[in-house]
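Protein chains in written order, with the numbering used here: chain A, 672 to 1241; chain B, 672 to 1241; chain C, 46 to 327; chain D, 46 to 327.
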Ligand SMILES: Cc1ncc(C[n+]2csc(CCOP(=O)(O)OP(=O)(O)O)c2C)c(N)n1
Ligand SMILES: Cc1ncc(C[n+]2csc(CCOP(=O)(O)OP(=O)(O)O)c2C)c(N)n1
Ligand code: SF4
Ligand code: SF4
Ligand SMILES: [Mg+2]
Ligand SMILES: [Mg+2]
């Protein structure tokens, strides 16, 4: 069987500022349009120029799309010597390295195709900046897709730069394309993947965009945030869409301001979002506690990265689950989502707003760098949509913001909407929202704020079972970004002993979940050091986790790595 | 048996600004010097004047001292009508209410002794401010202690105010005293407690002072903090002692500044402390994460109060254990202490500095309002002392701050002490402390920062077993401030079925603890809503907690309440 | 009867004689005289004695976190610009814990009014120095007296271009009321530093002291002259009361953000626009 | 050879042409010319491109949190006043996230030097507006350009009485070096706002722009005159470079705290004093 029978894994390595991400974007779009399944992800250093970064693009059939990072590289394009070194540990038997000897130097003991990237760039455009386009062309030539796809793409992307630029790009791509076709012949590369004929109505998203679209669909009216990798993208997305949708976007002076402005806006009726990463979130915690106390909804996106402190700002980790779980002093209800696919991202972001408003609580959406930067096509027919219900009541003159009710939820009034006054207080308060020192009232209000957890639990999204969990001896569990990797791992292991279970809501956990796990060994996969979700499963369900597969180096799990870890269980 | 055979419980209620705390202080000192066991605690509203506050003073023998809040009041002194209402729920069969009808109005159906407090005050001093002294005198008269104790006390306290003031106070006290003696006769009150003859070398402390003394003894060099109830006292204590000991005390502009200044000072070699409450601590969490990352010790005192948000600023709760446990993004080692007696407070504060420095980590000391405001005598012979070892290394020219070692601990150098340079970095770093993006180095450093947890665990203070835990079927567990209440409860229940276990270190938990609990039912007492320590016992030791006795109204547990809760188990 | 009076008797937590009492009256009168309806007024406060103000005014209340009244007030205003939004707290709250928000919200210029009860002390937490405490004032954390320079709110406000800067003294209720009215009426970010004696913890800055140490802004002062205003701000002998700086030309943040009169909760996600958005990712 | 050069070659993470390169040289030269020993110098920084500076200087380094270099630097200085302590970071870090610390540390006046690399943009996080970004500058969060007023660090520093305030441009390395030397030599809290172009994300405030939009502080300017300094701070046509304000009379925080030359880690708890303390509670 050809090494390319299921998918081809292409990596492009270069330094920051060389624009390897444009190659990724082009490939994904052209190949998707050509009828392939595509997945892309990236890893990069915390610097604006220089260093060594890389992108991975996986090409598959649309019927068996790949949605995870693999260590394996079939075609490695090295734009300079440093990136070849950087990726050398991933070079295996099947890897063919493409690069220009003049740039890369002695490639060492690898299957190397001297590829005149810079020469073609200069020939076609008179400028090294066309190198990316040459590389793109070469890859498409290797894959043997029609050149028209590349040409169409380049024409549309560069249209506003004028015919000259378009022409040079097309020429650069064509030179690469021809070279690639020839190389495929010489190197005896043949890709058995057949593109699908069926035209799907799909869109290409990365995690950031998916969350942004979810926020728009979820009726997000307001965002105030302070830039912090990898969470800034959501803020930038909404900034870009602000005018179109009438969303108010505020860049805050710090994270404390951001969340307090968000809660203020929410008090006045807006659906408000903040986006940040662990360090910035630390500063928001008093605000989280405020949201809990005054029962004013707020949605908090934490784009996780490896900590503690500044850590590795551009790398990935799932280390802040415990943080979200216990953020803010005092005790109150909350919910935490962690999407694992891009369509889940669109959905859970909407669900986050709905849950926050319905239950009048702070709600978290946890992602991470790997997830935010991962790209796939999403079927428009399957795009989750949840109607925007505002859960806002018009007030009457005798309105009491914290009227005691059976389920602890009082109708939520907002100022300027009705005949009543809306008083909220961070102090312990009475039904009218004014400060109290009554212990009896304190007891009622604590009960009020925490009892909704029962309903939240019952409403919690059930995890997604796959790979025949029911019949399996062992449940392998993922949450958030590790979903795709686990799905591919289990499907490749193909063992009846192992079934998968993916959580897109991690807190609270639906009590029904316990039934899914009865009598099974439980293994949890997490990109953190201690196994925070495994602990949570113990606390919430009393489930005993027999094994934790953990990683906190800043890199995502690769499918190969998980296969190695799980083979003994299969 | 007389209702006073074990102890007498005296409560004084009045409004803020009326000075009922001076009565408490005087009673405690005079009665201790007279050879009694004393305990006092208070509860007060978040206001500077007005409202209704109260103090409780319990008088016992020194051989069986009481160290906990009881609901029962034997003598209730009501300085105004509102405080009588405020305390009415605690009036029982044995309660005698003292107050001046003109102030208190109709006292309702209680055993009432019309006590001319204001009249005596005016007669003795021409001023209502002598009312407290009259009340003090009356109480001493009721108890039948020699008047000389009161006289000596008043003389020394008011000495610097001049003979006139001294005289008026003594006169006011004497009037009260005579009235009290007479009332005791009329009401047939006789207190069988015999004062001890033995002169003990002891001191009177409250929780705040005990922690402050512990900090001084622990070599605290530096404190930067922002005021926040109930934690401000520790800052004020060190401010008062700053000159005497050469301690640097800085009032910060906010909590973020406080912890960063503390960590800066610690980096430069100082033993640094911050003190705050939950809301202020939220803002310090990024600093906690920094301490974890750069392995720079810091001691953090959290004086807990009921949250969320502003909550009940002057009330008590143990709601921030989870917060301390998971504070700061990312994963790293930490330790958490929670003293339950004043001598433990002196000791654990020293231990906190020792642990922070030895393990180069952030260390927490959790207290709460009830604990900080509780007063007892502490035997000087039993005052714990831990030598101040600085754990600082003189650097050599080739010094590496993060040299990789077997146990993860590198010798800690500080700038200006030796020939090396000391570089610390909140980014992931190499052995020299400079930024790195190496995944291998990341892995080593994560291991380095977390592996010390093993040693920390082994070193963890064992909990204190009492009431014959070994032979008991059920272990009843307290941590922090609930200790005294549990001790008295179990001793009063006197059931062989129940044994007590008090944790003054709550994280990590010594693995040896498991042996103490084997085969026993486990009940945990906590002043919070969910049972955070019970969860932690599950996570750390796999111990299953069969029952949680919880309270989060803002009041401390009373002994009576715990007895009621535990009677069914006894 | 003032529509801003509480409908029922309230137990006010301030000490007898506290400067917050006259200010409460001044504020309610100012609001009434401006013809405001309680249903259009939101008072956002932080934590402190000053921050209890909205507990005693019958209007919408957002009593949030210590130091954070300004961002909360801004969020409220941006969500519904029809509301009259006041941020109100103490000197410790707004100049200390929340100093950064004052700096940067001024740069944005939302139409909110910031009322700072400046009693030169931390009242609620019992007498520690606030940013505006005078050097030498004895307090529990600096037993020998304050050893740092006081914060000059007027100078800082000028430096960050707050477009309406005034100072008033509750000892002169008539002037204080007029200044508060002017501040609330001002279209833009307005700061009023109010002298409000704390009779318990600040025994040096008393009603009398404020009387003796203040004077009206000189008549010849041109409030549009920032450099002159800065010189006034540096006065230490007699602190000038009145409108110190005023610039009516700054554009509102709401306008620059393109916010319309419709409150955000009435916004609907246009399905057409949403489909357009999706189409962009085809 | 400069003693502050790194002993081994270092991979510097800045972009080619970045203004941080000239500043690195300027700083190392300034330190050498002041005769400093690397072992007595601590550079405390936050997070950002500017904040990477100490990674490339062979001295003690405290690379802490974004926005928090100033409190950390103050803590270091108070723990050991023999150290020369520099806090160094970007405009976003010190004026934005950490603005409150600038305000209030100035009031204390510890002897530390604050160097702000003002590139009028967030460099490390890729081009968002910083507090000093000019109105109208297009950026990812305000696609139509900055809609808030820029922060004026010189004016704010004056308002909080920073006793040494200067501005320099790395485009004039000789002057920048002298100013940095003066700031480090100054006994007290010194702030230098440094123009340091970001060649990638700030295409409008380039080396040339800074050249065109700056001028030396006028010769007749008296740096001890705060009001005059404020007027200079308000200049917008040409931003004055040089020492804008200087007041040598402010007492140091260290002195007012009674800190001696012995670093805190040498302090011992006097047993006599401790017994005295206990005796007070008998
Ligand atoms: C984050 C946080 N830190 C500290 C506190 C404690 N605290 C409450 S009010 C206050 C100061 C009050 O001073 P000011 O703002 O001047 O108001 P005043 O009481 O004098 O009117 C402090 C320190 C708090 N509530 N939250
Ligand atoms: C608490 C926190 N919030 C946000 C960030 C993300 N962050 C890192 S550097 C930076 C801004 C850098 O701008 P500036 O300080 O001007 O430095 P420059 O890179 O321009 O030199 C931001 C927002 C962070 N590290 N920590
Ligand atoms: S403590 Fe001061 S500010 Fe607070 S209420 Fe009393 S007098 Fe007013
Ligand atoms: S992004 Fe700008 S500030 Fe950062 S290194 Fe590059 S040029 Fe310098
Ligand atoms: Mg105040
Ligand atoms: Mg910058």
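Glycine residues also receive a C-beta, built at the ideal position from the N, C-alpha and C atoms.
Since we're looking at a predicted model, the values are computed, not measured.
| Check | Outcome |
| --- | --- |
| Whole-Å CB distance - residue 775 (chain A) paired with residue 755 (chain A), under 8 Å assumed | 5 Å |
| Beta-carbon proximity check, residue 1013 (chain A) vs residue 1136 (chain A), cutoff 8 Å | no |
| Proximity of residue 215 (chain C) and residue 196 (chain C) at Cβ, strictly below 8 Å | no |
| For review: beta carbons within less than 5 Å of any heavy atom in ligand 3 | B:719, C:59, C:60, C:63, C:94, C:168, C:243, C:244 and C:245 |
| Residue 159 (chain D) beta carbon near ligand 6 (any heavy atom closer than 7 Å) | no |
| Residue 1040 (chain B) burial status per 10 Å Cβ neighbour count (16 or more: buried) | buried |
| CA nearest to the CA of residue 1193 (chain B), picked from B:1237, B:799 and B:1224 | B:1237 |
| Inter-residue Cα distance where the pair is residue 801 (chain A) and residue 870 (chain A) | 31 Å |
| Residue 164 (chain D) Cβ short of 7 Å to ligand 2 heavy atom set | yes |
| Any non-hydrogen atom of ligand 1 closer than 7 Å to residue 899 (chain B) Cβ | yes |
| Ordered list of beta strand (DSSP E) runs contained in the stretch 127-163 of chain D, each at least 3 residues | 129-135 and 158-163 |
| Cutoff 8 Å: residue 1242 (chain A) Cβ touching any chain D Cβ | Residue 1242 (chain A) lies beyond the residue range present for chain A, which begins at 672 and ends at 1241; the question has no answer from this structure. |
| Own chain, CB closer than 8 Å to residue 128 (chain C), minus 5 neighbours either side, in chain order | 85, 86, 87, 105, 121 and 122 |
| Whether residue 967 (chain A) touches residue 937 (chain A) by CB criterion (8 Å) | yes |
| Residues that DSSP places opposite residue 713 (chain A) in a beta bridge | A:726 |
| Partner residues on chain D for residue 271 (chain C), Cβ-Cβ distance less than 8 Å | 279 |
| For residue 971 (chain A), the first and last residue of its enclosing beta strand (DSSP E) | 969-975 |
| Rounded C-alpha distance that separates residue 788 (chain A) from residue 809 (chain A) | 9 Å |
| C-beta atoms of residue 918 (chain A) and residue 926 (chain A) nearer than 8 Å | no |
| Outcome for residue 962 (chain A) when other beta-carbon atoms lying within 10 angstroms are tallied against a minimum of 16 | buried |
| Local Cβ density within 10 Å of residue 853 (chain A), reported as buried at 16 or more and exposed below that | exposed |
| Chain-order list of residues whose beta-carbon lies under 6 Å from that of residue 884 (chain A) (same chain, five-residue window excluded) | 1017 |
| Buried/exposed call for residue 1059 (chain A), threshold 16 Cβ in 10 Å | buried |
| Presumed contact (8 Å Cβ cut-off) between residue 992 (chain A) and residue 1177 (chain A), rounded CB distance | 7 Å |
| Best match in C:280, C:168, C:188 and C:198 for proximity to residue 177 (chain C) [C-alpha to C-alpha] | C:198 |
| For residue 67 (chain C), the first and last residue of its enclosing alpha helix (DSSP H) | 65-78 |
| Contact set between residue 718 (chain A) and chain D, taken where Cβ atoms lie within less than 7 Å | 58 |
| Closer than 7 Å: residue 114 (chain D) CB and nearest ligand 6 heavy atom | no |
| Residue 783 (chain A), enclosing beta strand (DSSP E) - first and last residue | 782-785 |
| Alpha-carbon to alpha-carbon, residue 1157 (chain B) and residue 1128 (chain B) | 25 Å |
| Within-8 Å CB hit, residue 312 (chain C) to chain D | no |
| Distance between beta carbons of residue 949 (chain B) and residue 976 (chain B), contact taken as under 8 Å | 7 Å |
| Status (buried if at least 16 other CB within 10 Å, exposed otherwise) for residue 228 (chain D) | buried |
| Residue of C:60, C:325 and C:295 minimising C-alpha distance to residue 192 (chain D) | C:295 |
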